[in-house]
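Novice: Got a structure for you, written out below as structure tokens; questions coming shortly.
There are 2 protein chains.
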Amino acid sequence: METQNTHSSWFTEHATDIGTAFSLATSTLLHQEKTAYQNIEIYKTKTFGNLMVLDGFIMLTTRDNFLYHEMMSHPALFSHAHPKHIAIVGGGDCGTLQQVAQHNWVEKITQIEIDEHVTRLSEQYFPELCTSNNDPRVKFVFSDGIDWMRHAAKNSIDIIIVDSTDPIGPAEGLFQKQFYQHCWSALSENGLVIQQSESPLAHWESITKPMHNEMQAAGFNQTKTLFFPQPVYPTGWWSATMAAKNDIHLIRDSDAKQLTFDTKYYNYDIHLSAFAMPNFLKA
Amino acid sequence: METQNTHSSWFTEHATDIGTAFSLATSTLLHQEKTAYQNIEIYKTKTFGNLMVLDGFIMLTTRDNFLYHEMMSHPALFSHAHPKHIAIVGGGDCGTLQQVAQHNWVEKITQIEIDEHVTRLSEQYFPELCTSNNDPRVKFVFSDGIDWMRHAAKNSIDIIIVDSTDPIGPAEGLFQKQFYQHCWSALSENGLVIQQSESPLAHWESITKPMHNEMQAAGFNQTKTLFFPQPVYPTGWWSATMAAKNDIHLIRDSDAKQLTFDTKYYNYDIHLSAFAMPNFLKA
């Protein structure tokens with residue numbers, strides 16, 4: 084039963100370094116364009132809603148993006164005593180922004196996405212993720228996040244969420260010490276960074292572990308990785324890594340226990356459980 | 084970037100009901116045979132070690148089977164005060180059996196696998212999973228597990244592990260009330276069943292939830308599902324469901340904290356975390 088798949092209605096992402104491929108059954112190519120930064124494709128899939136692809140890599144689908152977006156936001160937001168200003172680097176689809184905006188005590192959300200086309204297409208094809216785009220607390224900056232962070236005012240941000248593509252090409256600098264130093268400087272006293280950190284099975288040694296080292300070298304006192312399922316990403320198992328000026332713990336546990344908004348994946352038990360480290364990653 | 088993949092060195096499993104496909108880069112077809120029960124294929128993959136496929140469905144790979152096998156065994160074994168006799172229904176690759184055999188206080192392991200060819204091929208192509216096959220505590224029975232359970236002596240088994248294929252074809256009866264009634268009868272006073280229960284994202288309503296109902300209808304007092312990553316199964320996110328005559332909790336927590344054997348995934352924190360229920364499954 085080897086593949087002889089020439090059926091034109093599958094979108095396939097080959098993860099050649101991992102030796103795997105993942106396909107979604109699609110019915111229509113809704114949009115395709117080459118921007119100054121990347122090739123963007125939007126498909127209608129048969130069972131996962133709409134699909135956004137950047138340079139051949141699956142970014143999100145309607146059906147399962149909640150896993151990633153909830154875990155990129157709520158664990159960090161509830162690990163800070165008074166998160167007032169949140170900066171999102173990347174995150175052009177606005178799914179993370181929407182989760183952050185559910186936290187009423189947040190006063191300001193600045194999103195620095197390099198490619199405005201991603202946001203405009205998300206408004207069109209993922210409108211359910213863009214319901215907070217006109218929230219008066221939200222400020223969109225369409226420019227390079229690395230450069231923006233270099234010039235950010237000191238002590239001006241409480242949480243930085245790095246919701247980027249893989250560390251190849253333009254996003255590579257987002258995984259390096261110099262960027263983390265600028266984050267450290269821009270963060271307030273108890274500030275936190277949370278950043279997507281790839282697959283625990285496939286990228287731990289090559290990406291996630293080096294991230295911990297770079298974050299610590301930049302001055303962060305504690306770093307921790309949390310884990311969650313993400314079916315449309317390679318291996319279906321994903322991670323995010325937090326870095327804290329002080330320490331990382333669920334400081335507002337009563338708020339996490341009694342959520343004032345709806346979530347599909349996140350809750351108090353999921354928060355605590357997400358930090359459980361598999362033995363093979365402790366070695 | 085639609086698929087035009089006619090490269091002969093990918094094995095692809097199409098999960099047409101879910102609208103996804105998963106592929107592994109392969110280098111050699113090591114073995115293929117049609118037994119009385121199924122079509123068995125063994126491939127050498129480029130990055131996941133060897134791969135066993137039954138009737139077109141991926142069963143296991145060398146690289147990531149530890150996730151499934153550890154989570155099908157240790158959570159149940161540590162949730163029983165004195166597990167002496169363990170029965171494994173299915174489990175022909177012997178990976179679950181090997182994990183069970185690491186528990187020194189287990190006196191007897193009976194494995195009821197319908198297709199002896201699966202076990203013999205596992206001994207050849209997954210020898211690292213078969214290191215306990217000659218353990219004097221292990222008894223192999225190559226016959227139908229549903230029928231075997233119907234005739235099992237009352238109160239003779241402490242834990243039943245149902246390590247089967249999907250609930251279509253011969254394994255369908257393993258997901259039904261009558262089988263669970265026979266399990267209930269064969270189990271000792273504080274007996275437990277643990278059974279693979281498919282993908283939380285794709286099969287919760289169609290398979291996992293009905294399993295809970297069937298288990299409870301068969302007389303089990305408590306049922307709980309635990310979750311774990313399994314990259315080579317559809318959606319990369321899998322589950323196992325436990326049913327207890329009494330209740331389900333980590334009764335031997337000190338043993339789980341101080342493991343006397345090596346694991347790659349399982350540990351005390353992972354055990355507790357695996358039971359965290361995502362919000363969308365609570366609804």
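For the protein sequence lines, the chains are A and B, in the order given. With the first sequence counted from 1, adding 83 to any position gets you our numbering. With the second sequence counted from 1, adding 83 to any position gets you our numbering. Glycine included, every Cβ here is placed at the ideal spot set by N, Cα and C.
(1) Within 10 Å of its beta-carbon, does B/T109 have 16 or more other beta-carbons around it, so buried, or fewer, so exposed?
(2) Any beta carbon from chain B within less than 8 Å of A/Y208's own beta carbon?
(3) DSSP three-state call for B/M294: helix, strand or coil?
(4) Once the 5 residues before and after A/T145 are set aside, which same chain residues still bring their CB inside 7 Å of it?
(5) Would you please verify whether the beta carbon of A/L107 is less than 8 Å from any beta carbon of chain B?
(6) For B/Y120, does the three-state DSSP call read helix, strand or coil?
(7) My assumption, with CB atoms under 8 Å, is that A/W320 sits in contact with A/S282. Please give the rounded CB distance.
(8) Does B/Q313 come out as helix, strand or coil in the three-state DSSP assignment?
(9) What are the residues of the stretch 320-335 of chain A that lie near chain B, defined by any Cβ-Cβ distance shorter than 7 Å?
(10) Excluding the five sequence neighbours on either side, which residues of its own chain have a C-beta within less than 8 Å of the C-beta of B/W93, listed in chain order?
(11) Check whether the Cβ of B/W93 lies closer than 8 Å to any Cβ atom in chain A.
(12) Please go through the stretch 135-173 of chain A and give each complete alpha helix (DSSP H) segment of 4 or more residues, from N-terminal end onward.
(13) Looking at chain A, is there any beta carbon in it that lies within less than 8 Å of the beta carbon of B/D147?
(14) Taking CB distances under 8 Å as the criterion, tell me whether B/M360 reaches chain A.
(15) At a threshold of 7 Å, does B/W287 count as lining the ligand GTP (C-beta to nearest heavy atom)?
(16) Any idea what DSSP makes of A/T318, helix, strand or coil?
(17) Does the count of Cβ pairs from the stretch 160-180 of chain A and the stretch 333-341 of chain A closer than 8 Å reach three?
(18) With a Cβ-Cβ cutoff of 8 Å, do B/K260 and B/E297 count as a contact?
(19) Hey, how far is the Cα of A/T103 from the Cα of A/G252?
(20) Alpha helix (DSSP H) containing A/L364: first to last residue?
(21) Using the Cα positions of A/F140 and A/G173, report the straight-line distance between them to the nearest angstrom.
(22) Would you please state the rounded distance, in angstroms, between the beta carbons of A/A368 and A/Y351? I believe it to be under 8 Å.
(23) Do A/Q194 and A/F149 have their CB atoms nearer than 8 Å?
(24) Identify the contact partners of A/T318 in chain B, using a Cβ-Cβ distance below 7 Å as the criterion.
(25) Which same chain residues, not among the five before or five after A/T89, have their C-beta less than 8 Å away from its C-beta?
(26) Going by beta-carbon coordinates alone, are A/A323 and A/Q278 separated by less than 8 Å?
(27) For my contact list, B/A357 and B/L275 are in at a C-beta cut-off of 8 Å; report their separation, rounded to the angstrom.
(28) Report the three-state DSSP secondary structure of A/F209 (helix, strand or coil).
(29) Determine the extent of the alpha helix (DSSP H) in which A/I192 is found, giving its start and end residues.
(30) Would you tell me roughly how many angstroms separate the C-alpha atoms of B/A301 and B/W267, rounded to the nearest one?
(31) Does A/D176 pass the burial test, meaning 16 or more other C-beta atoms within 10 Å, or should it be called exposed?
(32) Given a limit of 9 Å on CB to CB distance, which residues of the stretch 225-258 of chain A reach chain B?
(33) If you draw a straight line from the alpha carbon of B/D330 to that of B/P166, how long is it in whole angstroms?
(34) Relative to the alpha-carbon of B/S247, which residue among B/Q264, B/D227, B/D241 has its alpha-carbon at the smallest distance?
Specialist: Looking at the atomic coordinates:
(1) buried
(2) no
(3) helix
(4) F131, G132, N133, F209
(5) yes
(6) coil
(7) 6 Å
(8) coil
(9) W320
(10) S106, L107, A108, T109
(11) yes
(12) 148-154, 157-160
(13) yes
(14) yes
(15) Among the components of this structure there are no ligands whatsoever, and the ligand GTP is therefore not found.
(16) helix
(17) yes
(18) yes
(19) 21 Å
(20) 362-365
(21) 15 Å
(22) Examination of residue 368 of chain A is not possible in this model, given that chain A is present from 84 through 366 alone.
(23) no
(24) P314, G319
(25) Per-residue confidence for A/T89 stands at a pLDDT of 39, beneath the threshold of 50, marking its modelled position as unreliable; the derived number appears in the next sentence. So the list is empty, once near-sequence residues are dropped.
(26) yes
(27) Actually they do not touch by this definition, with Cβ atoms about 15 Å apart.
(28) coil
(29) Careful: A/I192 lies outside any alpha helix (DSSP H), inside the beta strand (DSSP E) at 191-195.
(30) 7 Å
(31) buried
(32) none
(33) 15 Å
(34) B/D227
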